[in-house]
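Enquirer: Chains as they are written, first to last, in the numbering used here: chain H, 504 to 727; chain Z, 504 to 727.
Before I ask anything, let me first share the structure, which is written out below as structure tokens.
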DNA sequence: AAAGTATTCAATGAGTTTATTGAATACTAA
DNA sequence: TTAGTATTCAATAAACTCATTGAATACTTT
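Here it is in structure tokens:
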């Protein structure tokens, strides 16, 4: 057994190895989808597996890799284990990877158009614009994500009607003012589908591309 | 052959696959070291291989993976091919990964101390502090990186004396004012070695932990 | 205590990534 | 044209990653 001192070069390699561990934990489509879901709020393994279309064992395996890289934290609550993002910095890192992909890989825009086929079908509203109109009381902000995600954090003054409840809760929405629908962000179709429904029912509607994290990154605060 | 429309779920998977491509390109210690070097300025394959301690063929292979992920750009200049970072966002992403690793993996601090053994041996100066003292003319800012990196971008008012030239160019430095040495950033030993030399020669010295990118991220501009 | 549910573990084979080697290519200089 | 240099390509074996399966573990409810 050798007790020689480790040469500096070896330590430098070790540092890069540690950095690469973070990247490696994120270098898989399923794990990114899991992180993307977790960014909207904590979930059980079962919920994550269902939403990401994975077998439970496979989801568990991927979650444990994320956990080993300390990107997520798990916590047992009775029968279920809940996973959540370990640090807001991790969510930001995921968004950063997405932004680099958007900017460097042309294929992203093409695939996004194929996924969000109605992307250009509705009026859009920009962040600053929304901010101003909300203050004037000219628009109603509608969060169409599942209830738990709204509870985990939402835009100020947004009301929550999950997409699946939208048809039967139309009465809660004003017919005079424009309804601005948002969901998880630019890679989510929930708000497109809501906009489709609302348009069909004769309401005035616009889609906000941004979700809670994009809103925060733009420097605005979430609801208390 | 089928001409059926691709289901939305498939497109969603394709999106995550594209995002994962960016992460996968960075999920290797050698490629991160190459990116780290390139962040300080463009280089030839040969220089990169030498500095990252890789065989030429291996360095080339890794550089091509980075290129396929569109994180770097290559350009032939005569006999040599020069690689550079494709977009400042890529450098930021690398720094972001590093920051997450720092914050989430305890091992990083341990390994950094083993690599930069003199880390705590010299006076340190904080960014804002430096900014103020530079304006008062109380300190001299010294960039000890190789000449080409200084040329690719440096802090305002910094003078360039590459580490290997430091001993024989001591006369160029004032003995009354404090010399603030900096290099590639907190994971680089060049400035530690410079501080060691300067201290030994009886000059007053402090080390700045930040490099050009950390400086920029703090909201300051580089030299014109 | 027994039965039931959620999650993880362990083992497997298919696919991917890596370092190494030597040959091929693209350019420059003589 | 030839010789020389920088870089990439192609082929290989070893190491890793992934999805799948069925068993094991950790809780809750009865």
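Cβ coordinates follow ideal geometry from the N, Cα and C atoms, glycine included.
On a predicted model such as this, the values are computed, not experimentally measured, just so you know.
For the beta strand (DSSP E) that residue 683/H lies in, which residues bound it at each end?
Expert: The residue labelled residue 683/H in the question sits at position 180 within the first chain. Segment 681-685, the beta strand (DSSP E) holding residue 683/H.
Enquirer: Based on Cα-Cα distance, which residue from 679/H, 675/H and 712/H lies nearest to residue 491/H?
Expert: The structure shown does not extend to residue 491/H, since chain H spans only 504 to 727, so no value can be given for it.
Enquirer: Which residues does DSSP pair with residue 580/Z in a beta bridge?
Expert: For this step, residue 580/Z is matched to residue 77 along the second chain. According to the DSSP secondary-structure assignment, residue 580/Z is paired through a beta bridge with 583/Z.
Enquirer: Please confirm if the stretch 615-630 of chain Z is in contact with the stretch 582-600 of chain Z, defined as three or more CB-CB distances below 8 Å between the two stretches.
Expert: no
Enquirer: For chain H, find out if any of its Cβ atoms is closer than 8 Å to the Cβ of residue 550/Z; answer yes or no.
Expert: Counting from 1 along the second chain, the entry for residue 550/Z is found at position 47. Taking Cβ atoms only, chain H never reaches closer than 8 Å to residue 550/Z, which makes this a no.
Enquirer: Leaving out five residues before and five after residue 571/H in sequence, what residues of the same chain have Cβ atoms less than 8 Å from its Cβ?
Expert: Numbered from its first residue, the first chain carries residue 571/H at position 68. 528.
Enquirer: Would you say the stretch 683-691 of chain H touches the stretch 640-651 of chain H, given that touching needs at least three Cβ pairs under 8 Å?
Expert: yes
Enquirer: Using 8 Å as the limit for Cβ to Cβ distance, is residue 715/H near chain Z?
Expert: Taking the first residue of the first chain as position 1, residue 715/H is located at position 212. For residue 715/H, the answer is no, since every Cβ of chain Z falls outside 8 Å of its Cβ.
Enquirer: Quick one: which residues of the stretch 587-602 of chain H get their C-beta closer than 9 Å to a C-beta of chain Z? List them in chain order.
Expert: 589, 590, 592, 593, 595, 596, 597, 599, 600, 601 and 602
Enquirer: Check this for me: beta carbons of residue 537/Z and residue 555/Z, under 8 Å apart or not?
Expert: As a working mapping, residue 537/Z is identified with position 34 in the second chain. As a working mapping, residue 555/Z is identified with position 52 in the second chain. In this structure, residue 555/Z lies closer than 8 Å to residue 537/Z by Cβ.
Enquirer: Using a threshold of 8 Å, state whether the C-beta atoms of residue 649/Z and residue 587/Z are closer than that.
Expert: Numbered from its first residue, the second chain carries residue 649/Z at position 146. Numbered from its first residue, the second chain carries residue 587/Z at position 84. Not in contact: residue 649/Z and residue 587/Z (Cβ atoms no closer than 8 Å).
Enquirer: Using 10 angstroms around the beta-carbon of residue 532/Z, count the other beta-carbons present and answer buried if the total reaches 16, otherwise exposed.
Expert: Here residue 532/Z corresponds to residue number 29 of the second chain, with the count starting at 1. With 16 or more other Cβ atoms within 10 Å, it is buried.
Enquirer: Among the residues of its own chain, which have a CB less than 7 Å from the CB of residue 660/Z, if the five just before and after it don't count?
Expert: Locating residue 660/Z in the second chain gives position 157, where the first residue counts as 1. Cβ within range, chain order: 637 and 644.
Enquirer: Return the chain-ordered list of same chain residues with a C-beta closer than 6 Å to the C-beta of residue 552/Z, the five sequence neighbours on each side being excluded.
Expert: As a first step, residue 552/Z must be located in the second chain, where it is residue number 49. Within the same chain, residue 552/Z has close Cβ partners 559 and 562.
Enquirer: For the 8 Å Cβ check, are there 3 or more pairs between the stretch 699-709 of chain Z and the stretch 515-527 of chain H?
Expert: no
Enquirer: In whole angstroms, what separates the C-alpha of residue 715/Z from that of residue 534/H?
Expert: Translated into the one-based positions of the second chain, residue 715/Z becomes position 212. Translated into the one-based positions of the first chain, residue 534/H becomes position 31. Near 33 Å, if we compare the C-alpha coordinates of residue 534/H and residue 715/Z.
Enquirer: Using a Cβ-Cβ cut-off of 6 Å (strictly less than) and excluding sequence neighbours within five positions of residue 652/H, which residues of its own chain qualify?
Expert: Start at 1 with the first residue of the first chain, and residue 652/H comes out as number 149. The answer, listed in chain order, is 543 and 544.
Enquirer: Under three-state DSSP, which class holds residue 609/Z?
Expert: Within the second chain, residue 609/Z is the residue found at index 106, counting from 1. In the structure shown, residue 609/Z adopts coil according to DSSP, grouped into three states.
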